[in-house]
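**Q** Would you mind keeping the following structure in view while I ask a few things?
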């Protein structure tokens, strides 16, 4: 694509169409952009548009498109084509910083993100001048430019907060500090001075405070891994100024908005984070400054209001106290009973209150409420922080803290009892307090795992939780109902089983509550209870105990999906999946009606998939319906196909990318249930599965390979008869997979199924070419994974077609090739093969080579006979060799480039491990003994003499034991 006006015009038109709400206009435009993004100059055209277009909408659209293009394509993935030409890469890096700094803020943010994506791959090695280019802009004095640099630096260095320590990371951080720490400190001091100079100019202050907040974030990132020498030497400058900013109260920067945090709040929140980081990690060096920070933060907490805009500040300030009170060094600051009482009264209790803002979120923004309350999302709430502070204080002062709060809990509950309708929030706070007091350690899987001995959880459950669950009207006091359900859920490992069983029918009736939070919590609680383990590794709650409630459970779960706001509620769908899995055959009578509801739901969500978890559990539930029903009656598979195929066809025709991997897995599951034949409905689809476009997407590969394996297993002969013209396409897929280091094992899965299930004559003409392809790959890149798969394949070939056929095909490619493969690959590497089935295949294959291949007995290959036998005995007796050569870069199979929907394995579509040899060989050691016996009777005297001259003593001993076990002798 040339950089010319015509192309810029075309691109502008298509970008405009991608914003069109009508899918008929939008989709083709998106497809067009996807089709041209591989062309040289495409990214430069986008950059030209975002710089020079007269239309602001097009500029922003070009910026977003550019960022997403970089996100998808910048990273160079092994085996994948490099999507961006080197010339474009160089041009982008040469221009992007300048462009970002001179763009308006909306575009600046997109380009800043793009720089950090490029930086993650290229900085520092391939982009050494990035930092110096940025630092020189600090001197410009223009804060629009300076903030652009700071924002970019922040997105670039943010990853230091969660990277694992490594030498590479340390040397990168050192490089950054050497270039960046001093100019950042100078900028920090200068900005603070400018704040004093412009103390009365509100617009200037807004820009300067944005800079200070970004500088504080950078301080956090650069100090996270370790305390850099530079910052230790300049701690006085930073901490004195941080302390000054914490206590600063500039009337001009106060906002009237109650929801949105202002600049002052954001800056102070970040400073609280920085202080907490130093208090936790560098307490010795930070000790001189700590008392004044504790005082400043304490004053901040006592004087800050309950408005939502202060939430982040208050939660970070409380988190600071929480991190300080857990450290033995600082214990003395909190020992005084008055201090503890004061903290409880002034900080913890007020921040446990359920505010009107929380009530609004509960009613109108339930998804966000659930995310914060159940999943503890990143948005720190006051309550979460107050809970952490209670936990922190309990570390050293469990007795006094519990005593102080017990008083509060009793008085709150008494207030509630006086007038429940008015005072229900008191009970809510009491439950929250009990929860935070009682929970010492918590996991996602088991809820609370360690509880405070001083709190009687069972008694509280009976007196205060159960009455709410039992109340006849599920819609009264929804917040308290949600609290009660959550209590059962988080203390499930602490409460006795009979109380959990008492709660189950009550939770089922709460699935009908109108409140989204309430019925979601009920579904989540049931799902968690159903996963609890009882004795003997069974579920704690058994299908028999669930029998009286099964019908109501299934009815209410499916009805809950019709409640407003819960059409795609992932917690309900997960509970449906878990109920099916727990109840097993008890669900069979209900499946005919339920499968209709599930497929209808699938049809609806496939129009616009937006909730990945919901969709995943939906497909898991479909798999469970199929497995459980067909386990007791395999013939019902046809009725499932009738229900599912119309929807699957629509998904395939509309190319709903997110759903294809799931559809292929469910189809595999269905096809594997058929007895040995392929229905015509599947055969009609077969040619479509070989289309190259499907194989371009990484996420499709594992489920498509499994589906093709199912086709081969059930209908190898059918394919050879009615679709022989598709065999080259099938081998084309194998050829593509084998060329990729990440997917070569999938190529072997396919090849092994072809060898095992296709009639031999149908692939005769292709066999030699298959071996040649494998040799070419061995020469170009020989990885451990490839060799293991290659060994299994050649031995399977030997088991299927015989040892003579294997020797002949090798030697037809190149004379003496068979000997080279044995000497260079089989003998030295067979020890690396892992997996019981794989080892069995190799053992049987090698046994055949040793005993059924005349060339091994009377040609130059004979010298390899004993070493091969030695290697086989080693495979039986030695531990598996799992070493990987030093120079081999470990290839991560799960590593998918860009943000394509990666493959999501369905747990309940699981495939049983298949043994191609099956019962024909029970014990390969016995087979070896019997085969050697047979060989020795055919040529008497030869075998014992070969053994006695060159097999080592230990191997000989093992061999004797195999011969004894098989009750045979060598002659």
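Numbering (the UniProt record's numbering), first residue to last: 1 to 971. Built from N, CA and C at the ideal position, the CB exists for glycine as well.
Put residue 450 into one of helix, strand or coil per three-state DSSP.
**A** strand
**Q** In the DSSP assignment, find the alpha helix (DSSP H) that holds residue 779 and state where it starts and stops.
**A** 760–780
**Q** Taking the alpha helix (DSSP H) that residue 148 belongs to, which residues open and close that run?
**A** Residue 148: member of the alpha helix (DSSP H) spanning 143–157, first to last residue.
**Q** Would you mind reading off the limits of the alpha helix (DSSP H) that contains residue 74?
**A** Neither: residue 74 is in no alpha helix (DSSP H) and is coded neither H nor E.
**Q** What number of angstroms, rounded off, separates the C-alpha of residue 351 from the C-alpha of residue 381?
**A** 9 Å
**Q** With distances taken Cα to Cα, identify the nearest neighbour of residue 327 among 387, 695, 353 and 391.
**A** 391
**Q** Would you tell me roughly how many angstroms separate the C-alpha atoms of residue 946 and residue 877, rounded to the nearest one?
**A** 21 Å
**Q** Are there 16 or more other CB atoms within 10 angstroms of the CB of residue 744, so buried, or fewer, so exposed?
**A** buried
**Q** Following the continuous alpha helix (DSSP H) through residue 801, name the residue where it begins and the one where it ends.
**A** 784–801
**Q** Under three-state DSSP, which class holds residue 539?
**A** If DSSP states are grouped into helix, strand and coil, residue 539 belongs with the strands.
**Q** In this structure, how does DSSP classify residue 492 when only helix, strand and coil are distinguished?
**A** coil
**Q** Less than 7 Å separating the beta-carbons of residue 573 and residue 619?
**A** By the CB criterion at 7 Å, residue 573 and residue 619 fall outside the cutoff.
**Q** Taking all protein chains shown into account, do 16 or more other C-beta atoms lie within 10 angstroms of the C-beta of residue 239, making it buried, or fewer, making it exposed?
**A** buried
**Q** Where does residue 439 fall in DSSP's three states?
**A** strand
**Q** With three or more beta-carbon pairs closer than 8 Å as the criterion, would you say the segment 154–162 touches the segment 213–223?
**A** yes
**Q** Verify whether the separation of the beta carbon atoms of residue 153 and residue 110 is less than 7 Å.
**A** no
**Q** What residue range does the alpha helix (DSSP H) around residue 742 cover?
**A** Note, residue 742: premise wrong, no alpha helix (DSSP H); not H, not E.
**Q** May I have the straight-line CA-CA distance separating residue 146 from residue 480, to the nearest angstrom?
**A** 50 Å
**Q** Using 8 Å as the threshold, is the segment 364–375 in touch with the segment 297–304, meaning 3 or more CB pairs across them?
**A** no
**Q** For residue 533, which of helix, strand or coil comes out of DSSP?
**A** strand
**Q** Among the candidates 716, 741, 334 and 740, whose CA atom is the shortest distance from the CA of residue 730?
**A** 716
**Q** Return the first residue and the last residue of the alpha helix (DSSP H) that residue 23 is part of.
**A** 23–36
**Q** Mapping the DSSP letters down to three states, classify residue 307 as helix, strand or coil.
**A** coil
**Q** Would you mind reading off the limits of the alpha helix (DSSP H) that contains residue 964?
**A** 953–965
**Q** In the DSSP assignment, find the alpha helix (DSSP H) that holds residue 593 and state where it starts and stops.
**A** 591–606
**Q** Roughly how far, in whole angstroms, is the beta-carbon of residue 521 from the beta-carbon of residue 486, given that I think they are within contact range, below 8 Å?
**A** 6 Å
**Q** Taking the CB atoms as reference points, tell me whether residue 280 and residue 385 lie closer together than 7 Å.
**A** no
**Q** Could you give the distance in angstroms between the alpha-carbon of residue 174 and the alpha-carbon of residue 286?
**A** 22 Å
**Q** So residue 841 and residue 917 are in contact, right, with Cβ under 8 Å, and what is the actual spacing, rounded?
**A** 6 Å
**Q** Residue 272 and residue 317 - do their beta-carbons sit closer together than 7 Å?
**A** Cβ distance < 7 Å, so residue 317 and residue 272 count as in contact.
**Q** Near residue 719, what residues of its chain come up, given a Cβ to Cβ distance below 6 Å and the 5 sequence neighbours on each side ignored?
**A** Once the five neighbours on either side are set aside, residue 719 has no close Cβ partner at all.
**Q** Less than 7 Å between the C-beta atoms of residue 642 and residue 670, yes or no?
**A** no
**Q** List the whole-angstrom C-beta distance separating residue 607 from residue 570, where the pair is believed to meet the contact cut-off of C-beta under 8 Å.
**A** Their Cβ separation, rounded to whole angstroms, is 18 Å, which puts residue 607 and residue 570 out of contact at 8 Å.
**Q** Give the secondary structure of residue 323 by DSSP, where H, G and I count as helix, E and B as strand, and everything else as coil.
**A** helix
**Q** When burial is assigned at 16 or more other CB atoms within 10 Å of the CB, is residue 899 buried or exposed?
**A** Below a pLDDT of 50, predicted positions are generally treated as unreliable, and residue 899, at 29, falls in that range; the measurement from the model is reported next regardless. In the assembly as shown, residue 899 is an exposed residue. Its beta-carbon has fewer than 16 other beta-carbons within 10 Å.
**Q** Which of helix, strand or coil does DSSP assign to residue 40?
**A** coil
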